[in-house]
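For reference, the structure discussed in these notes is given below.
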Amino acid sequence: SAYDTKTRQKVAVKKLSRPFQSLIHARRTYRELRLLKHMKHENVIGLLDVFTPATSIENFNEVYLVTNLMGADLNNIVKCQKLTDDHIQFLIYQLLRGLKYIHSAGIIHRDLKPSNLAVNEDCELRVGMLWYRAPEIMLNWMHYNQTVDIWSVGCIMAELLKGKALFPGNDYIDQLKRIMEVVGTPSSELLKKISSEHARKYIESLPHMPQQDLKAVFRGANPLAVDLLEKMLILDSDKRITASEALAHPYFVQYHDPDDEPEAELYDESIENKERTIDEWK
Numbered sequence: 001s002a003y004d005t006k007t008r009q010k011v012a013v014k015k016l017s018r019p020f021q022s023l024i025h026a027r028r029t030y031r032e033l034r035l036l037k038h039m040k041h042e043n044v045i046g047l048l049d050v051f052t053p054a055t056s057i058e059n060f061n062e063v064y065l066v067t068n069l070m071g072a073d074l075n076n077i078v079k080c081q082k083l084t085d086d087h088i089q090f091l092i093y094q095l096l097r098g099l100k101y102i103h104s105a106g107i108i109h110r111d112l113k114p115s116n117l118a119v120n121e122d123c124e125l126r127v128g129m130l131w132y133r134a135p136e137i138m139l140n141w142m143h144y145n146q147t148v149d150i151w152s153v154g155c156i157m158a159e160l161l162k163g164k165a166l167f168p169g170n171d172y173i174d175q176l177k178r179i180m181e182v183v184g185t186p187s188s189e190l191l192k193k194i195s196s197e198h199a200r201k202y203i204e205s206l207p208h209m210p211q212q213d214l215k216a217v218f219r220g221a222n223p224l225a226v227d228l229l230e231k232m233l234i235l236d237s238d239k240r241i242t243a244s245e246a247l248a249h250p251y252f253v254q255y256h257d258p259d260d261e262p263e264a265e266l267y268d269e270s271i272e273n274k275e276r277t278i279d280e281w282k
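Residue numbers for the sequence shown follow full-length UniProt numbering, beginning at 1 and rising by one.
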């Protein structure tokens, strides 16, 4: 971290590792910079500044990003204390508010997990750009959509309620089995949607597992929290609740304000899909 003498605030400084080592690295560096610049929302970590000590293209090999300093991440907080229902409401509301904004830009986060969520001492949360992978990503089931992030929110929320991970798999296969022990094996209707034959065959080889009653799994939790979880942890991604719909769920009645849940301008990916040399990316 560092202290910005102009704005008089503490900031986080991140050095990108080997930003121009290869064409793939150079494109990724450019994309990360553009994405961070595009994000202007209270619940998403945005870019305050970017700099390099280099003075010419030839020796331009280091990129430093300056972002908001938030202190702890959600992972530290879960380990330290059991959160109240009020805390969970406020944190998950902010996460969904940030996610609605990210999704409205046409972006899928794909890697939401507690260590990617920064939280300060006022319980204010910002989303930072294996246990939270949705089953359709793990299995490469099909072309996935924005609701993969909603699965991750469901896993994060379940962990806040239980104080431990809901699906702590050792690997993809083990994790998938644990997921199905809770949400049940996929219906034949969903199996037809899975384009990967390998994934389909594996699922068909498993014994039939009924869906568990989440009220029993989360005994003692706020019934509205469990109702929301049931709408997030649905195997069929087409039937999962969206971030926008989740914000309007009764669980967030004290926070939901449709006039204060902004959307982003659509993010144009075409620029970074062009073929360029490393020097051109620089």
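Glycine residues also receive a C-beta, built at the ideal position from the N, C-alpha and C atoms.
Whole-angstrom C-beta distance between Ile-92 and Val-44, which should lie under 8 Å: Taking the sequence shown and counting its residues from 1, the one referred to as residue 44 is at position 44. Taking the sequence shown and counting its residues from 1, the one referred to as residue 92 is at position 92. Incorrect: roughly 15 Å between the Cβ atoms, too far for contact.
The stretch 62-75 in contact with the stretch 111-124 per 3-pair CB rule at 8 Å: Inter-segment contact for the stretch 62-75 and the stretch 111-124 is present: three or more beta-carbon pairs are separated by less than 8 Å.
In the DSSP assignment, the alpha helix (DSSP H) including Asp-149 goes from what residue to what residue? Along the sequence shown, read from residue 1 onward, the residue named residue 149 stands at position 149. For Asp-149, the enclosing alpha helix (DSSP H) stretches over residues 147-162.
Taking the alpha-carbon positions, what's the Tyr-251 to Leu-95 distance? Counted from its first residue, the sequence shown places residue 251 at position 251. Counted from its first residue, the sequence shown places residue 95 at position 95. Computed Cα separation, rounded: 14 Å.
Can you list, in chain order, the residues of its chain whose CB lies under 7 Å from that of Lys-82, leaving out five sequence neighbours each side? For the purposes of this step, residue 82 is identified with residue 82 of the sequence shown, where counting begins at 1. So the list reads Gly-163, once near-sequence residues are dropped.
Whether Leu-16 touches Thr-5 by CB criterion (7 Å): The residue you call residue 16 lines up with position 16 of the sequence shown. The residue you call residue 5 lines up with position 5 of the sequence shown. The Cβ atoms of Leu-16 and Thr-5 do not sit closer than 7 Å to each other.
Endpoints, the beta strand (DSSP E) within which Leu-74 is located: Mapped onto the sequence shown, residue 74 falls at position 74. Taken as a continuous stretch (DSSP letters only), Leu-74 belongs to no beta strand (DSSP E), being part of the alpha helix (DSSP H) at 74-80.
Whole-angstrom distance between Asn-59 and Pro-53, CA atom to CA atom: Working through the sequence shown from its first residue, we reach residue 53 at position 53. Working through the sequence shown from its first residue, we reach residue 59 at position 59. One Cα belongs to Pro-53, the other to Asn-59, and the distance between them is close to 9 Å.
Exposed or buried, what is His-41 when buried is set at 16 or more other beta-carbons lying within 10 Å of its beta-carbon? Against the sequence shown, residue 41 aligns to sequence position 41. It counts as buried.
Within 10 angstroms of its Cβ, does Glu-32 collect 16 or more other Cβ (buried), or is it exposed? Along the sequence shown, one-based indexing puts residue 32 at 32. The residue in question, Glu-32, is buried, as its Cβ has 16 or more Cβ neighbours within 10 Å.
Candidates Gly-46, Asn-222, Leu-228, Thr-277: which alpha carbon is nearest Asp-85's? Here residue 85 is taken as the residue at index 85 of the sequence shown, counted from 1. When each option's Cα is compared against that of Asp-85, the closest is Asn-222.
Hey, Ala-105 and Tyr-3 are a contact pair by Cβ (cut 8 Å); roughly how many whole angstroms apart? Taking the sequence shown and counting its residues from 1, one reaches residue 105 at position 105. Taking the sequence shown and counting its residues from 1, one reaches residue 3 at position 3. Contact between Ala-105 and Tyr-3 does not hold, since their C-beta atoms are separated by about 31 Å, which reaches or exceeds 8 Å.
Coil, strand or helix - Thr-29 by DSSP: Along the sequence shown, one-based indexing puts residue 29 at 29. Thr-29 falls in the helix class under three-state DSSP.
DSSP bridge partner residues for Phe-51 (one or two, in chain order): In the sequence shown, counting from the first residue as 1, residue 51 sits at position 51. DSSP output for Phe-51 lists Tyr-64 as bridge partner(s).
Taking Val-66 and Asp-49 to be in contact with their CB atoms under 8 Å, please state how far apart those CB atoms are, rounded to whole angstroms. Within the sequence shown, the letter at position 66 stands for residue 66. Within the sequence shown, the letter at position 49 stands for residue 49. Going by Cβ atoms, the distance from Val-66 to Asp-49 rounds to 4 Å, so yes, they are a contact pair.
Pull up the distance between the alpha-carbon of His-198 and that of Gly-98, whole angstroms please. Taking the sequence shown and counting its residues from 1, one reaches residue 198 at position 198. Taking the sequence shown and counting its residues from 1, one reaches residue 98 at position 98. Answer to the nearest angstrom: the Cα atoms are 35 Å apart.
Distance CB(Ala-264)-CB(Tyr-144) smaller than 7 Å: As a working mapping, residue 264 is identified with position 264 in the sequence shown. As a working mapping, residue 144 is identified with position 144 in the sequence shown. Not closer than 7 Å, so no.
Please name the residue or residues paired with Ala-12 in a DSSP beta bridge. On the sequence shown, residue 12 is found 12 positions in, with the first residue counted as 1. Note: Ala-12 sits in a beta bridge opposite Thr-67.
Under a three-way DSSP split, which group does Asp-122 fall into? One-based indexing of the sequence shown puts residue 122 at position 122. Asp-122 falls in the coil class under three-state DSSP.
For a quick check, are the C-beta atoms of His-103 and Ala-243 less than 7 Å apart? Counting from one through the sequence shown, the residue named residue 103 turns up at place 103. Counting from one through the sequence shown, the residue named residue 243 turns up at place 243. In this structure, Ala-243 lies closer than 7 Å to His-103 by Cβ.
How big is the Cα-Cα spacing for Thr-231 and Ser-187? By one-based count along the sequence shown, residue 231 stands at place 231. By one-based count along the sequence shown, residue 187 stands at place 187. Per the sequence shown, the amino acid found at residue 231 is Lys instead of Thr. Going by the C-alpha atoms only, they are around 17 Å apart.
Distance CB(Arg-178)-CB(Gly-184) smaller than 7 Å: The sequence position of residue 178 within the sequence shown is 178, counting from 1. The sequence position of residue 184 within the sequence shown is 184, counting from 1. Remark: C-beta atoms of Arg-178 and Gly-184 do not approach each other more closely than 7 Å.
Please state the DSSP three-state secondary structure of Ala-2. One-based indexing of the sequence shown puts residue 2 at position 2. DSSP places Ala-2 in strand when its eight states are reduced to three.
Taking all protein chains shown into account, decide if Phe-51 is buried (16 or more other Cβ within 10 angstroms of its Cβ) or exposed. Taking the first residue of the sequence shown as position 1, residue 51 is located at position 51. Exposed, because fewer than 16 other Cβ atoms sit within 10 Å of the Cβ of Phe-51.
To which residues of the same chain is Val-78 closer than 8 Å at the C-beta, ignoring the five residues directly before and after it? The residue given as residue 78 occupies position 78 in the sequence shown. Excluding positions up to five away in sequence, the list reads Pro-114, Glu-159, Leu-160, Gly-163.
Report buried or exposed for Cys-155, applying the criterion of at least 16 other Cβ atoms within 10 angstroms of its Cβ. Here residue 155 refers to the residue found at position 155 of the sequence shown. Per the 10 Å Cβ criterion, buried.
Can you name, in chain order, every residue of its own chain whose Cβ lies under 6 Å from the Cβ of Arg-8, other than the five neighbours on each side? Translated into the one-based positions of the sequence shown, residue 8 becomes position 8. Around Arg-8: no qualifying Cβ.
I'd like to confirm the pairing. Which residues does DSSP put opposite Val-127 in its beta bridges? In the sequence shown, the residue the question calls residue 127 occupies position 127. Answer is Val-44, Leu-117.
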